[in-house]
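Going down the list, the protein sequences come from chains A and B. Take the first sequence: its position 367, counted from the start at 1, is 370 in the working numbering, and no numbers get skipped. Take the second sequence: its position 46, counted from the start at 1, is 279 in the working numbering, and no numbers get skipped. From the three backbone atoms N, C-alpha and C, an ideal C-beta is built for every residue, glycine too.
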Amino acid sequence: MSKRILQHPAVPAGETTVAWRSAGQLEDTAEFRQWLDREFPRAAAEMTNEEDAETSRRSFLKIMGASTALAGFGMAACRRPETYIVPYTKAPEWVIPGKATYYASSMPRACGATPLVVTTFEGRPTKLAPNNLHPDAAGTDAFAQASVLDLYSPSRSRKILKDAKVAQRADLEAAIVALAADKSAKIGFLFGADDSPTRVRLTKDLAAKYASAKFYQYEALTSDSSLGDGVKLVPDFSKADRILSLDCDFAGTDSQGPVTPFFERRKPEGKGYTAKPDASKMNRLYVVEGAFTLTGGMADHRLRIAPSQVAGIAGQVARSLGVSTSAAEISDPKHLEWVKELAADLKANAGKSIVLAGSRQSATVHQLALAINLALGNIGEGKPLLAVQTETKGLGTLASLKADIDTSAVDTLVVITPSNPIYDAPADLKFADSFAKLKTSIHLGSRTDATAHAATWHIPAAHYLESWSDARTANGVYTIVQPMILPLYVDCISEVELLLALLSNDGKLLNGEGPKGAASPSYDAVRATFTALGGEGDKAWKTLLRDGFLAGSKYTATSPSAKVASLEKSAEAPTAKSLEVIFATDSSIFDGRWIDNGWLQEAPDPISKHTWDNAALIAPATAKELGIYDLLITPEPVSTVLGIESTFAKVGPDGEGENRKQPMIEVTVNGQTLEIPVLISFGQAENTIVIPLGYGQGFDKEDELKRGPKNENHVGLVGVNRGFNAYPLRTGATSYFASGATAKPTGKRYSMALTQEHSAMYGRALAREVSTMEDEEKGAFEAQLANVAKQGNDAHAPPNVYLYEPKSSATFHPGKDGKAQPLINDPLHQWGMSIDLASCMGCNACLVACQSENNIPIVGKEQVARGREMHWIRMDRYYATQKDNTFDEGNPELVPQPVACVQCESAPCETVCPVNATIHTEDGLNAMAYNRCIGTRYCANNCPYKARRFNYFDYNKRNPLIAHNLYKGPFGEQQRGEAPHLQKNPNVTVRMRGVMEKCTYCVQRLKDAVIRQKRGQKQGALEAGKPSAEFQVTKETLRIPVDSVKVACQEACPASAISFGNLLDVEKSVIGRSKRIERNYDLLNYIGTRPRTSYLARVKNPNPKMPDAPFIGKATIHMV
Amino acid sequence: MANIFPRWSNLLPLKIAVCAGTAAAGVALAFSYYATPKTLTVGYQPSQPIPFSHKIHVDQIGLDCRYCHSFVDVAGHSNVPTGSTCWNCHQHVQRESPKLAPLHRSMDVNYPGYDGKPIEWVRVHKAPDYVYFNHSAHVNRGISCQSCHGNVNKMEVVYQAESHSMGWCLECHRAPEKNLRPLEEVYNLNYNAETYISNHPELGVKTTEDLGLKLKEEFMVKPKVTCATCHH
């Protein structure tokens, strides 16, 4: 039986762009072909021949017969089970059962708090969204979106530990009483890098109480400000025409300030698509970096270079701009030319540009960046950069803490930092040894990590959604952190509560709720802080609680001066013999603190697309040089069938194939060795190895490499056996990158769950790109814009002819003439979406937001490896380069493209469903009736966008993280009734096994908005003051206000790349305007599905004078 | 060799087939009648912890539905009253009635068995988990409580009056005019369309059906019948 495959048209002749997703596709390997041709990876459990099918059909009938017969006994099912409705005895204010209540709060972070609006259902926080009232609102990232899951994490610390054993609370309280009474205690406090005004105030009180108290600050991946104590530069991207990032991932893991204005200026039509396209209104981004980051992917011009060389480039820029520097001139002529034109562009835009240095780069780079900014006049009020003085000053470092412990200046330590210093401190500091010398150490944390186990006392920390506190955002706006719920577990204590107990004379530890339902003492403390800032009285306080921030508050500006150290000699460039290791911040787990968050672990890394682990990333050229390239692109030859070696993986213990094992290499640096699987990474500087940090925190006996049991109880089921710990390789001096590394293959392999070839889509001109620069063939910017809708073969594709006019059943709503109306006939709402590729960076915020809104389960590493991840949004990431790229052929463009169900008006999935489980709604959604679905998967097979996901197992009910649990069927361990289920959105069905699911434009939110609008009719009727039967309802009464409903992905997007709304609002709405601009195109337009989600072509704004300019802005992706 | 099977057995297979067929058809018919919500759920009348009488509270005293089910017009879920709603009156009225013992246990701090725990009312009407039903969408558009819950004002003990099956929902979604009322009459459980028409001659409608059609037109009521209306 042959499979009918839609043959996409060939790539047009003369196409200069080469595009690919993975090394396998680029090299066209056998394994890649397998993903392409087969529905399932080879050796996933499936029926291979007719005989198999016949047997299992018979055994199925046998078992069904037996169970039906058994079901007849007992008649237990005949009686309706009694269920109860249990109302409140005394209803809490504002709580309406079944209706969400929204509160303003924020998530404290080292880079400035993220202002949030929290959705709660009957007191349960379920979903986080940005607080768009806030002056520093900039969407949310994946971390902020996923942080709500931590509240309900089953592995969350909930018991007090003494010396790593469960202890009584009374004993802890006694210890704190003793400490509070001892005013001469040599006590130290280790805080995180987030800025909390209440903490600052309490710190002063603590210093007054304890004469010898000392205060420190530590976060693993945040370096000390080299600009001055507590001084930082905050960018205002709306004012920046040119941006140079010196290894600064400001849009990703190295946030410098609100990033949304940057993305608004990537759109030639401006914010909200209100203006005519104008290239001069766009900003231009130059990035110098080692390996692709999200920011690097957005760059108009990107220079790939090892991090050690960044200082040389910065020095060269400074020199070109006339900033006095003794830096040696860089030698590479290509780089010299690149820098020359870059500097000229910066100079031409002096006062309207920003130079950002990566916060993990050296002080030299920071000082150079500061000197350049000062020379260009970029810093000051009303300028794109503002130097501010934060309140976190006068704090020691981890190194000074160690020195103080060693000299016995500190013998009692309170560890509050969200980092995990025993695990993530630089290896040469030997912090753990000093930590062990402490008389008493108190660790407050939400995980029982290495530090919790090393400390005398571990106190479970209350989540930020459970505690009163305050924070400052990047620009210093005073922002409240208010609790949504009492701590889920009675012993969870917040930072402010612990500090207050130490400050009090009696040392009484009060948490959660005060006596007789009074507020926690932290409430009074926060309110006292606020009173000093925002004034007395309930009015100001209530405004703060409602808005979430104090209007007008900000950091004081300061004016730093540059102290450029002399740069006599630029660092040696790495070679194949002496590689450079980059200790990268991980996009999924940051510094390791999110290792127990399943949503983040399963979200594919935005660049390398691997999940659940880390891996060493190397450039293809380096891999070839090290002799491992061939190993990397061929799958492991492990099984032999009848003596013939097969290239496909053997069948694992669960009866399914073990897919994709990556070869491992041994990396030696700083005298330490790490064995780690390796992946190809395009666009990375040669002779560098990127190793993301934070993994390898604990292993149990199920570990693939038999590393366990080791530190098993440091992590939960999500974090156990995950990845490889690179922290031991890192020293204080080489905290970001280390030179002189060697690498060699070890012959071992390790399973990786990579999603880059899953649900791969094919077709012409999937992602389209244009350039503001005039091109010989493609013409000027205007011509390129006009050509967007004709790219691929859309210019000459014949119009779609319908054999049958789309009709609905004549029995429903016949029109005035008595004839059937078209099915999509709602006169009030017709939903549509557009995704702007000019501002999408591919960061996963939408993917995690969707997961949290729509009750999407995680499936675990093994299932991801088999292509069964459930994310409704698939973040495609393409690489594209020009065939004749003479500037740097190893530096492709990175093109992200989020794809969810595009809600085709002529949906191929609907016509093949045998049970009508997926059908269209009147307002244009391609809806899923889960309770009707019988799981034939025909729809997924027929979906050209590969946007449908199937529940192969009961991922919601049975814990996929317990080894082999899914395969035990009804005997598997259930996770019903566990805390994570409290996070579920009550308005979305929790799907079971055997059901297809996909994006439905957050139909529950649309329903809610439409129904709320209907209530206006009653108001209108009441106001009219006559019998309601005389009251005329108009379309305007029933149509929701323009742009008033937001879907989860759109709301979360920090880049405002997603527009959504009612197409019938036409130009009044953002969506209406976005559909009318020239960049708008339909994905796979030529197959005639008429999707409701369209894409806006990516725009690059290259500098025509730059040497790499001719190769930029042509990354239109064809996948054939 | 003698015939093993006697002559009469020739027709046996046919007879068995006819009997089996009849039996199967009977089972199918019985199942399709008895195993539907119409039979299985209509009339479900569990006993409640407090024998609360809607007849007394609504018909005799004249309480509005929304006094107790206070969020029915703003939320999807029609709430069951909190203990304090009952206690507002019953700390004064019928305080000593033994039937109110569960309320005392939950609300009356001076009551010997006071535990402050809420009363567990037995659920009478239940939509399956996969059905999204929103009360406010219906009562604000002219569908009365009565249309789905029956004459609650006459019920001593609440029971399920309608089948609440999908077919039953669709009946009204296809022809809402049969149940539409003026908005001010939604909570009037003694509403009579004919009386309303005679009191409001200015509306210019003669029959109850005309009134329904007029309301449907003026309110722009166009209920949806696609799956995602209730299943998502």
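Contact with chain A is absent for B:G383, since none of that chain's Cβ atoms lies less than 8 angstroms from the residue's Cβ.
The beta carbon of A:G835 lies closer than 6 angstroms to those of L1066, I1074, R1095 in the same chain, with the five residues before and after it left out. Annotation for A:V237: the continuous beta strand (DSSP E) segment containing it runs 234 to 238. At a beta-carbon threshold of 7 angstroms, the residues of chain B lying near A:A1024 are L416, ordered along the chain.
Annotation for B:R414: no alpha helix (DSSP H) segment contains it, and DSSP assigns it neither H nor E. Here the alpha carbon of A:G540 sits roughly 14 angstroms from the alpha carbon of A:V529. A:R1079 counts as exposed, since fewer than 16 other beta carbons sit within 10 angstroms of its beta carbon. With respect to B:W354, B:L336 sits apart: the two C-beta atoms are not nearer than 8 angstroms. One finds nothing in chain B with a Cβ atom closer than 7 angstroms to the Cβ of A:G191; even the nearest lies about 45 angstroms away.
Membership of A:F218 in the beta strand (DSSP E) is indicated by the continuous run 217 to 220. Between A:D879 and A:V902, the gap from beta carbon to beta carbon is short of 8 angstroms.
The beta strand (DSSP E) runs lying completely inside the stretch 857 to 935 of chain A and spanning 3 residues or more are 877 to 885, 896 to 902, 921 to 923, 929 to 931, given in chain order. Scanning chain B for C-beta atoms nearer than 7 angstroms to the C-beta of A:Q1035 yields E451, reported in chain order. Residues of the stretch 260 to 283 of chain B whose Cβ lies closer than 8 angstroms to any Cβ of chain A, in chain order: L273, T274, Y277, P279. Between B:V385 and B:H310, the gap from beta carbon to beta carbon reaches 8 angstroms or more. Within the same chain, and ignoring the five residues on either side of A:S909 in sequence, the residues whose Cβ sits closer than 6 angstroms to its Cβ are T1092, R1093. By the criterion of a C-beta distance shorter than 7 angstroms, A:G697 is surrounded in its chain by D589, I592, F593, D594, G595, I598, once the five residues flanking it on both sides are discounted. The C-beta of A:N1065 comes no closer than 8 angstroms to any C-beta of chain B. Listed by position along chain A, the residues whose Cβ is nearer than 9 angstroms to that of B:V305 form an empty set, because the closest Cβ is around 10 angstroms away.
Within its own chain, the residues whose Cβ lies closer than 7 angstroms to the Cβ of B:G349, once the five positions on either side in sequence are excluded, are S339, listed in chain order. Within chain B, the residues placing a beta-carbon under 9 angstroms from that of A:T86 are V355, R356, K359, ordered along the chain. The Cβ atoms of A:I488 and A:A453 do not sit closer than 8 angstroms to each other. As for any beta strand (DSSP E) of minimum length 3 sitting wholly inside the stretch 114 to 169 of chain A, the runs are 117 to 124, 127 to 133, ordered along the chain. The CB of B:R374 comes closer than 8 angstroms to the CB of K1017, Q1020 in chain A, given here in chain order. Looking at the backbone, the Cα of A:H1121 and that of A:A22 are separated by about 7 angstroms.
By the criterion of a C-beta distance shorter than 6 angstroms, A:E18 is surrounded by no residue of its chain, once the five residues flanking it on both sides are discounted. Going by DSSP, A:D473 is part of the beta strand (DSSP E) stretching over 472 to 475. When A:E1054, A:T775, A:Y941 are compared, the shortest CA-CA separation from A:K1103 is found for A:T775. With a beta-carbon spacing of about 16 angstroms, A:L964 and A:A606 fall beyond the 8 angstroms limit used to define contacts. Unbroken alpha helix (DSSP H) stretches of 4 residues or longer found wholly inside the stretch 530 to 580 of chain A: 541 to 550, given in chain order. The beta carbons of A:S229 and A:H369 sit about 4 angstroms from each other, so the pair counts as a contact at 8 angstroms. Excluding five sequence positions before and after A:I308, the CB atoms of its chain that fall closer than 8 angstroms to its own CB belong to V291, E292, G293, I316, H338, A688, given in chain order. Bridge pairing for A:N1065: A:W834 [DSSP]. Contact between A:F295 and A:F265 does not hold, since the beta-carbon distance rounds to 18 angstroms and is not under 8 angstroms.
Taken through DSSP and simplified to helix, strand or coil, A:L964 comes out as coil.
Counting only Cβ-Cβ distances below 7 angstroms, A:S1031 has contacts in chain B at P415, L416, E417, in chain order.
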